[in-house]
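Protein chains in written order, with our numbering: chain G, -12 to 647; chain E, 88 to 392; chain P, 34 to 197; chain F, 148 to 459. Cβ atoms here follow ideal geometry from the backbone N, Cα and C, with glycine treated the same way. Computed from a predicted model, the values in this text were never measured in an experiment. Structure first, then comments.
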Amino acid sequence: MSRIGVFICHCGSNIGATVDVPKVVEAARTLPHVVYADDNKYTCSDPGQQSIRDAIEEHDLDRIVIASCSPRMHELTFRKMLHQTRINPYLLEIANIREQCSWVHKDIEAGTAKAIDLVRMAAAKIDRDTPLYTTTIPVNKRALVIGGGIAGMQAALDIADAGYPVTLVEKEPSLGGKMVMLDKTFPTMDCSACICTPKMAEVGTHPRIEVRTCAEVEKVAGYVGNFEVTIREAPKHVDYELCTGCGLCESKCPTKITSEFDQGLGKRKAIYKPFAQAVPSKPTIDAAHCRKINEGKCGVCEKLCPTGAIRFDDEEKRSTETYGAIIVAIGYQLIDWADLYGEYGGRVASPNVITGLQFERLVNASGPTEGHIQRPSDGTEPKSVVIVKCVGSRDPHKGKAYCSRACCMYGAKHAHQYLDKVPDGRCYVFYMDVRTPGKGYDEFYMNTQRDGAVYLRGRVSKIYEQGGKLVCLGEDTLAGATVQVEADLVVLETAMVPADDADRLGSMLGVTRDKDLWLSEAHPKLRPVETNSGGVYLAGTCQGPKDIPDTVAQASAAAMKVCILFSKDELESNAMIAGSDVGLCNGCGACVAICPYQAVTLEEVTRRENSVMVTRTVSNVNPGLCQGCGACTVACKPGAMDLKGFSDEQIMREVEALCL
Amino acid sequence: MSLSTAEALTDALREEARRLLAEGTVAVVVGWEAGRFPNQTTPAFISDPEQAQRLVYGDYCVNTLAKYALGEKAAGKVAVCVRGCDSRGINRMIADNQLLRDEVYLLGLPCSGMKDPATGSLLMKCRTCTEHDAVTYDVLLGPATAAGHDGASADSSAGDSEHVSDEQRFTAVLGIEEMAPEKRRALFDAAFNKCIRCYACRKSCPCCTCRECFVDQLRAGWQGKQNNLAENRFYNITRVFHIGDRCIECGECERACPMGLPLMALNRKMVKDLKSLFNADDAGMTEENSAALGRYDLGDLEEFM
Amino acid sequence: MPVNEAPTASAATAATAATAATAFEPTILAFCCHWCTYSGADLAGLNRMSYPANVRVLRVPCSGRVNPQFVLTALNKGCDGVLVCGCHPGDCHYVSGNYFARRRLMAFKRLLEFTGLEPERFQVRWISGSEAGKFRDTVIEVCDQIRALGPYRSGVSDDVSLNG
Amino acid sequence: MRYAYFPGCSAASTGISFTLSASYVAKRIGLELVEMPDWCCCGTSAALVTSRDLAHALPARSLALAEQAGLDLDVVTPCAGCFSSLKRTVHYARQSDKNRHRLEEIIELPYAATADVMSLLEVMARPEAMEPLAAAITKSLNGLRVASYYGCALVRPQEVTCFDDPEDPQSMDSLMELAGAEPVRWAFKTECCGASHQISEPHGARRLIARVFENAAANGAEAIAVACPLCMLNLDMREAGINESRAVPFDIPVFYFTELLGLAMGGSARRLGIDRHFWPTGKAVRKALAPPPEPSPDNHSTSELPQEVTVA
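Next up, the structure:
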């Protein structure tokens, strides 16, 4: 028999003015199992809470109903109060007789009747409440960071500096991602390599960071605190223990292939380091183009290698390890504009129509042209350049509807760099709007205009080759005239789109994607680095287009979230979660598909039923993942699955109490 | 079907049953055996090869056998005679993780619709059946009817067209939908009043495979035990909601109901809605669980905004 | 008026029906999801809006938690109307709760109407945490509709319709 | 290959050489064109500017009459303007029954929109036409460098025309290649020729024609092939006028693609209507037919012109 205590709050006059509180107290006393009812001026105040604690002792109460303001206001307060008593903090029900009663019903009689009903409902429900306890889940204090760009590196460094071991998985042969490809970074124009390579070196040498290049995540199982991750490492064909990085092999290798790192503008060998400052600064063999591996000929590198580090028969390695948290930092890629913009030349466009990243490689001192801006077609220095912004961005008809945020700034940077390196050159920038939302951003844009960049507000309608020039037809909407510019080089600032494996990785980690396949954060404003999948965090452009300052800030934020998770040995799980009654469950699995958190799985159990040992599958809820929404309980026909705190019986009691 | 076809199929069935039982590939064969009168059959569970003689196949094999497999599988592999409805029932139970495909050995039999023992005309459930031939089987004991429809003797009202159109399939539902709300209320109140809560509908339904039905449990407010209109309505509507998105339209519930409640009208109302609202596919056609209420689509119709 | 008298209508029911005509005030149960509609209702209180007191709000974690059997129990035990409210699809705190709720309740609403229930007696509405006005207007609208319909008889012979 | 044929108003007037050469080629590849009974003006851009209903109803009337006559064949029309109007009507009618009923109401005829509409170019570029074309071609055009000019109406709007690539179409190029000419890769395949603006806004519009010639010349085109009487008119008739204000005049004759196909089938310039052009075509024809079986009479420019047509 439960012994219920009911406490009605006046909340000053907020409730008392339009609800006859003493009458409600009177009515409460008549309710079944209610052994004590009282009212307080301010229940949430300290004396108010003390009066409840005293009443619990004095009247040996075992569950409490508080009729006051909305549970959204003080449910937590009163639970904390119950922690200091012998009553389980979940044996508490709150009747909302302020926001949903006294404040909205002027007529005292109707208000009071409703308040009594609400108290009766709460008392009926609490009669069926059971003590609930949070369970604990062990937390493996090892982090996994996917993606070795600036986001992944910053996150890995922060976590490692906080004392936790990190594994950093990078698909390419070297860390650095897109940032290390850039020449300068806006708005301060400090050289990208100068600020990125030290970070790469720091990550490469950090005692608690294990870098795995040419590696990809293949499978993720488990849940927050206990992820079982399978990592597949592609064969490097070089033994990094022996290799000293002398580069002799690379210099002598006969095979030349277009370099992906140089965005197709330069060449690389079959055994290569993507760029000079690569970390790890050791080469890998590109098996697809290596003559020895494919045709059994050559093998020059093996002969020359002073330490015998070449391993032609290297195999791919798979390892499965446990991690407590995962940070996704897989970055972005540029949209494939050729299929979308036939008017700029499409697949048969002139080689002198290049993307922003290709321009970065041209202007970069360690790039294929040692920093000289040359036309890819004939290597001559372009005397006039046209920069076209929003190619694929803000264009729902042909490309993406969103703005890629960073192109206005790096567009201005490209103009500035060009005018800096070709003093007698002319630079035109076609734009719709110039968006410079950061510190020092607009000043940088003004400087670029002062350098002589001609900003023409209008879209380019057509680019074609005639007389050795690239004729750009467009308009200048401010002057109200069509414009024709003949340029030697055209730079298209193309849209950012998610990396190729974003979709695959998202589904593996249970992270939803938005309509453009960016990974979705838990809440756009309040939880930007978390996801709906516990223990999985986002950093950088994988969550949406952004520039380097935002990326680094998000990386440190994600790292902090991981550190919060690791600051406790165990994770306290949500108390009001679903649970399945093994006796009733026939393992039909209807509940499994409902759960957005993959918290419900079918497990095999062996138990004695009607004196016979039986093995069958039943549903099982993982307390670490279940968030307590209850959608699975409705899918369960026999009612085997029930939600603690909002169980079928509690709700049915509440419904009955309302109707009596 | 003609007498000669019936006899041929019966012999083929007996021969196959005897072989399977003799070889020990299956522990029991579930089929039909003759009842007291010529136009009657009753489910038969044969485990002795000699007894295979008792099996028959003809125009009056009205029971859908799928659910019996659950009861028999403890003894070992079960051979079940399957037509369109039975095979979809087997798929249903496989999709609901209650049965494994290799726990049953399916004997495919052609079906051109069974006859009502009382009237001799085609059963209502066969009149509106959309899938005469077995959708899955291990062996086919006769030519599939979809190809050759020797329905010379079949009741003409079934119409020769093998595929029943949606109008025919949902005639009962459409008829009731057109009635005024009060008349619909009166119709179903009268029906629910007659319900004696014998749960034959649940017993014969391949979707109803819970260990303990919500109706049998003792839970506050969950389900009154009284046999009155309100609690009968509660049971019937809840059962339809539980199986609505998995119903294979075999019509057994309505056929088994001693009080003649329009159960298929209720089930098919939900099947029709789920088909038009979320283009749910017909249940039990494959072993996958394609229950419409177990999934969602971002582009679903919106009517609650 | 719906044909609602069970064949064994007792005298008591006839008497209560007579008094009902004058002062019928419906009892309406509203399942509101904690994250959106419940906070929308609180906001209505914060803004001191006013709406009829016929509605009793029952808080559930998500509209996906609302089991059609709760609705049947409510109607059987004397409620005159049931309202289920939740977040707008896409805003659900639990990602997909209201998508499942939408499909279930669309199918269930048609099933109830098929067996004769007046459509106004069971309604579903997506109301976000900031739509206090929409919550008030919905409550007012539902109350007016059901007041016009009169008490709901679940058809039990010893029908104790709370207000009829 | 049997189609209903919608000639359009220019077929017997300004586009006569398109009709002559098209019928010449059609006969040789077994393309049967059955003229639609009592067809009327397709309304082209004039109707569209006036009222959308008018623009849809005019072609609908012709299509409905064809249906009534039991001519349930897809419709072929040589002129890009007619193609654009008829195709827009079929697209509008097939979008919804409401649209179709609205048309039926206006033209007071039952109209089921069963027949689809295709341009002559689209029909001739189809595989089943390419085989007989290849067979019928007896002489190669000796690598005559031809720039194929598609204009705007044949390929845009893509959702309605559903024909070839709106930015870089290839169908006419493949026909030219088949005829032994060398298709030129150039950038103004689908740019506007100024259409009727050449009349209402001559000063501004002439530049549109000039840049087409410029880009063709810059890419070494020796001739331009077109598939629309209006493109033909604007390019061929006004080339002389444009040359007056140029230091280095263009000398690029303009042909209907069917004329070039006809030449490759051994057709004579007179028979194909090539002698009716404004800009002299002799040099290009001679190169195409070298060694010329017999010197075709060279048409000298304006003197033979019917008096009423004077060069603007």
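*Please name the residues in the segment 596 to 607 of chain G whose beta-carbon is closer than 8 Å to at least one beta-carbon of chain E, in chain order.*
604
*Consider the Cβ of residue 453(G): report whether some Cβ of chain P lies at a distance smaller than 8 Å.*
Position 466 of the first sequence, counted from the start, is the residue given in the question as residue 453(G). Closer than 8 Å to the CB of residue 453(G) there is not a single CB belonging to chain P.
_Closer than 7 Å at the beta carbon, the chain G residues around residue 183(E)_ = Working through the second sequence from its first residue, we reach residue 183(E) at position 96. The contacting residues are 575.
_Taking 8 Å as the threshold (C-beta atoms), are residue 83(G) and residue 56(G) in contact?_
For this step, residue 56(G) is matched to residue 69 along the first sequence. For this step, residue 83(G) is matched to residue 96 along the first sequence. For residue 56(G) and residue 83(G), yes; Cβs fall inside 8 Å.
*So is residue 345(F) buried or exposed if we call it buried at 16+ other beta carbons inside 10 Å?*
As a first step, residue 345(F) must be located in the fourth sequence, where it is residue number 198. Looking at its Cβ environment, which holds 16 or more other Cβ atoms inside 10 Å, residue 345(F) is buried.
_Between the segment 415 to 422 of chain F and the segment 274 to 293 of chain F, can you find at least three pairs of beta-carbon atoms closer than 8 Å?_
no
_Minimum C-alpha distance to residue 148(G) - residue among 293(G), 549(G), 219(G) and 430(G)_ = On the first sequence, position 161 is the one that residue 148(G) refers to. Of 293(G), 549(G), 219(G) and 430(G), the residue nearest in Cα terms is 549(G).
_Whether or not the segment 94 to 108 of chain P and the segment 172 to 184 of chain P are in contact is what I'm after, with contact meaning three or more pairs of Cβ atoms, one per stretch, closer than 8 Å; do they touch?_
no
*Between residue 360(E) and chain P, is there a C-beta pair that is closer than 8 Å?*
Numbered from 1 along the second sequence, position 273 holds the residue referred to as residue 360(E). Yes, contact with chain P.
*Specify whether the segment 533 to 541 of chain G and the segment 604 to 612 of chain G touch according to this definition: at least 3 beta carbon pairs, one from each stretch, less than 8 Å apart.*
no
_Check whether the segment 390 to 397 of chain F and the segment 255 to 265 of chain F are in contact - that is, three or more C-beta pairs closer than 8 Å._
no
*Would you say residue 297(E) reaches chain G, if we count a Cβ-Cβ gap shorter than 8 Å as a contact?*
As a position in the second sequence, residue 297(E) is number 210, starting the count at 1. Judged by the 8 Å Cβ criterion, residue 297(E) is in contact with chain G.
*Where do the ends of the beta strand (DSSP E) carrying residue 157(F) lie?*
As a working mapping, residue 157(F) is identified with position 10 in the fourth sequence. Neither: residue 157(F) is in no beta strand (DSSP E) and is coded neither H nor E.
*When you compare each of 358(E), 371(E) and 386(E) to residue 140(P) by their alpha carbons, which one comes out closest?*
Against the third sequence, residue 140(P) aligns to sequence position 107. When only C-alpha atoms are compared, the closest one is 358(E).
*Taking Cβ-Cβ distances shorter than 8 Å, what residues in chain G pair up with residue 362(F)?*
Position 215 of the fourth sequence, counted from the first residue, corresponds to residue 362(F). Going along chain G in sequence order, the residues near residue 362(F) (Cβ under 8 Å) are 451 and 453.
*Per DSSP, residue 65(P) forms a beta bridge with which residues?*
Translated into the one-based positions of the third sequence, residue 65(P) becomes position 32. In DSSP, residue 65(P) forms a bridge with 92(P) and 118(P).
*Which word fits residue 326(E), buried or exposed, when buried means at least 16 other C-beta atoms lie within 10 angstroms of its C-beta?*
On the second sequence, position 239 is the one that residue 326(E) refers to. Classification of residue 326(E): buried, given that the 10 Å Cβ count is 16 or more.
*Note down the Cα distance separating residue 640(G) from residue 128(P), rounded to an integer number of angstroms.*
Start at 1 with the first residue of the first sequence, and residue 640(G) comes out as number 653. Start at 1 with the first residue of the third sequence, and residue 128(P) comes out as number 95. Each residue's Cα considered, the two are about 28 Å apart.
*asked:* Given a cut-off of 8 Å on the beta-carbon distance, is the pair residue 372(F) and residue 295(F) in contact?
replied: By 1-based counting over the fourth sequence, the position of residue 372(F) is 225. By 1-based counting over the fourth sequence, the position of residue 295(F) is 148. Contact: yes.
*Inter-residue CB distance, residue 150(F) and residue 223(F) (contact presumed, cutoff 8 Å)*: What you label residue 150(F) is simply residue 3 of the fourth sequence in a count that begins at 1. What you label residue 223(F) is simply residue 76 of the fourth sequence in a count that begins at 1. Their Cβ separation, rounded to whole angstroms, is 4 Å, which keeps residue 150(F) and residue 223(F) in contact under 8 Å.
*Which residues does DSSP pair with residue 266(F) in a beta bridge?*
Sequence index remark: in the fourth sequence, residue 266(F) carries index 119 (1-based). As computed with DSSP, residue 266(F) is found in a beta bridge with 224(F).
_Residues of the segment 306 to 322 of chain F with Cβ closer than 8 Å to any Cβ of chain G, in chain order_ = 312, 313, 314 and 315
*Can you list, in chain order, the residues of the segment 626 to 642 of chain G whose Cβ is nearer than 7 Å to any Cβ on chain E?*
626, 635, 636, 639, 640 and 642
_Chain-ordered chain P contacts of residue 80(E) [CB-CB under 7 Å]_ = What is shown of chain E runs 88 to 392, which leaves residue 80(E) out entirely.
_Start-to-end residues for the alpha helix (DSSP H) that takes in residue 483(G)_ = By one-based count along the first sequence, residue 483(G) stands at place 496. Segment 483 to 485 is the beta strand (DSSP E) holding residue 483(G); no alpha helix (DSSP H) there.
*Mind checking which residues open and close the alpha helix (DSSP H) that includes residue 324(E)?*
Stepping through the second sequence from its first residue, residue 324(E) is reached at position 237. Per DSSP, residue 324(E) belongs to the alpha helix (DSSP H) from 316 to 330.
*Residues of the segment 111 to 141 of chain P with a CB closer than 7 Å to any CB of chain G: list them in chain order, please.*
111, 112, 127, 128, 129, 130, 133 and 137
*Along chain F, in chain order, which residues have C-beta atoms closer than 8 Å to that of residue 330(G)?*
Translated into positions along the first sequence, residue 330(G) becomes position 343. Taking a Cβ-Cβ threshold of 8 Å, the residues of chain F close to residue 330(G) are 314, in chain order.
*Neighbour-count burial assignment, residue 104(G), 16 or more Cβ in a 10 Å radius*: In the first sequence, counting from the first residue as 1, residue 104(G) sits at position 117. By the 10 Å Cβ count, residue 104(G) comes out buried.
*Going by DSSP, what residues sit across from residue 155(P) in a beta bridge?*
For the purposes of this step, residue 155(P) is taken as residue 122 along the third sequence, with counting starting at 1. For residue 155(P), which the question treats as bridged, DSSP gives the partners 115(P).
_Where residue 141(P) sits in the DSSP three-state scheme_ = Locating residue 141(P) in the third sequence gives position 108, counting from the first residue. Reduced to three states, the DSSP call for residue 141(P) is helix.
*Kindly provide the ranges of any alpha helix (DSSP H) runs that are 4 or more residues long and lie completely inside the segment 230 to 255 of chain F, ordered along the chain.*
Scanning the segment 230 to 255 of chain F from its first residue to its last, the whole alpha helix (DSSP H) runs of 4-plus residues come out as 244 to 254.
*How long is the line joining the alpha carbons of residue 447(F) and residue 428(F), rounded to whole angstroms?*
Looking up residue 447(F) in the fourth sequence gives position 300. Looking up residue 428(F) in the fourth sequence gives position 281. Because the pLDDT at residue 447(F) is just 44, under 50, the model does not fix this residue reliably, and the value given afterwards should be weighed accordingly. Rounded to whole angstroms, residue 447(F) to residue 428(F) spans 9 Å at the Cα level.
*Using a threshold of 8 Å, state whether the C-beta atoms of residue 136(G) and residue 425(G) are closer than that.*
Residue mapping note: residue 136(G) aligns to position 149 of the first sequence, counting from 1. Residue mapping note: residue 425(G) aligns to position 438 of the first sequence, counting from 1. Taking 8 Å as the Cβ cut-off, residue 136(G) and residue 425(G) do not qualify as a contacting pair.
*At a CB-CB cut-off below 8 Å, which residues of chain G make contact with residue 381(E)?*
Mapped onto the second sequence, residue 381(E) falls at position 294. Those within 8 Å of residue 381(E) in chain G are 577, 580, 581 and 622.
*By Cβ distance below 6 Å, which residues in the same chain neighbour residue 197(G) in space, the five residues on each side in sequence not counted?*
For this step, residue 197(G) is matched to residue 210 along the first sequence. So the list reads 154, once near-sequence residues are dropped.
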